[in-house]
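Remarks on the structure that follows.
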Amino acid sequence: MRKGQNPAKSVDGVANPEKITVAVLNYIPFIGGFYAEMLNVLKACLGSIWQNSDLPYDLLVFDNGSCSEAVDFLQESEREGKIQYLILSEKNLGKGGAWNIMLQAAPGDIVAYGDNDVYYYPNWLSNSIDVLESFPNVGMVTSRPFRTDEKFSSHTVDWAQSTPGVALERGNFIAWETFRDFEMSLGTSEAEARQRYETKQDIRITYKGKKAHVGASHWQFVTRKSILQQFLPFDMSRPMGQVRQLDDKMNQAGFLRLMPPEPYVQNMSNQTDLAPDLEKAASKPHLSLKKRLLNQRLIKAGLLKLHHAIFEAYYSQ
């Protein structure tokens, strides 16, 4: 026979998710070699989200079969209220498999996705959503300008060239320092970066006074969940290397792929050299004062103990 009544029956309402879900995919199989600094990279990534996101959001993290050190950090962050949704996979499902779960699970109308090596600069979220909402039929916004393969944004170019009132320009619009920093984060030498900078061009469009660069990428993007659902599930046979399916499908479906003129994110790869204020960012949670107090270890433990004692007093035999 059941003891007493479920206390949840007395709850009058439930919490509603935020309109924006910031989603991070994490994979750190071990600490060493290529992954020697990846736990610090993950901490920098999440810390920059907590520190520099300027709109209300929920944070969803999908861990793709990581080592115990990474999982322990994520679980502790969830207990502290810094992560609203934490999904732990026993094994590595590959990026496509992880996307199929986490992008479907994201409760927000807008999904801001990033790999675990993305560092977010101040005001990244509002500036990315400004591009998403200022241009028509936008499929993806990557939160920094860089030079992408034009074949994945052919529809965006066609739209700009055929739409009255839209100006399209080609040239060097990205500052050399901004271009170099991103290229070198991918392992490109400065000499190779300089050659690419001088031989290729940016594509910039202006629509109703708003400027954006043509292009976007699967490693970090902001989009609407209703758009993502048109491309799920992803069928990828390898853990990596096939993620450009999303870039291609967005383009083929006729969606615009854009970037803001200024950089609001940076790729860290497997090093934290490009992550400023790491300790400060990692220490600041995205919580109200009330939630921070309730999540203090001693207060939380005391309140839960009191709850248990009240339940036992009323319903124990």
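Letter by letter, the sequence shown follows residues 77 to 393 of the numbering used here. Just so it is clear, CB atoms sit at the ideal spot from N, CA and C, and this is done for glycine as well.
Helix, strand or coil, according to DSSP, for L131 in the structure here?
coil
Which residues DSSP lists as bridging D191, in chain order:
L101
In this structure, what does DSSP give as the bridge partners for E245?
R280
As assigned by DSSP and simplified to three states, the class of G394:
The chain is shown from 77 up to 393; residue 394 falls before or after that span and cannot be answered.
Per-residue DSSP class, three states only, for V319:
coil
Do M73 and A292 have their CB atoms nearer than 8 Å?
The chain is shown from 77 up to 393; residue 73 falls before or after that span and cannot be answered.
Kindly list the residues whose CB is nearer than 8 Å to the CB of I186, restricted to its own chain and excluding five residues on each side of it in sequence; keep chain order.
K95, I96, T97, I205, L208, V298, T299, R300, K301
Going by DSSP in three states, S219 sits in which element: helix, strand or coil?
coil
Outcome for S238 when other beta-carbon atoms lying within 10 angstroms are tallied against a minimum of 16
exposed
Please state whether DSSP places M335 in a helix, a strand or coil.
strand
Three-state secondary structure (DSSP) at L179?
helix
So what does DSSP say about K167, is it helix, strand or coil?
coil
With DSSP as the reference, label F138 as helix, strand or coil.
strand
Whose C-beta lies closer than 8 Å to the C-beta of K287 among residues of the same chain, with five residues either side of it excluded?
R280, I281, P337
Could you tell me if Q328 is buried or exposed, where buried requires 16 or more neighbouring beta carbons within 10 angstroms of its beta carbon?
exposed
Can you tell me which of the three DSSP states K60 falls into?
The chain is shown from 77 up to 393; residue 60 falls before or after that span and cannot be answered.
Going by alpha carbons, who is nearest to S210 out of P132, K79, R333?
R333
Select from F110, P240, S229 the residue whose C-alpha is nearest the C-alpha of S345.
F110
Straight-line CA distance for S119 to A174?
Sequence inspection shows Lys at residue 119; the Ser mentioned does not correspond to that position. C-alpha separation (whole angstroms): 20 Å.
In whole angstroms, what separates the C-alpha of I303 from that of P309?
13 Å
For F297, name the three-state secondary structure that DSSP assigns.
strand
Taking the beta strand (DSSP E) that A288 belongs to, which residues open and close that run?
286 to 290
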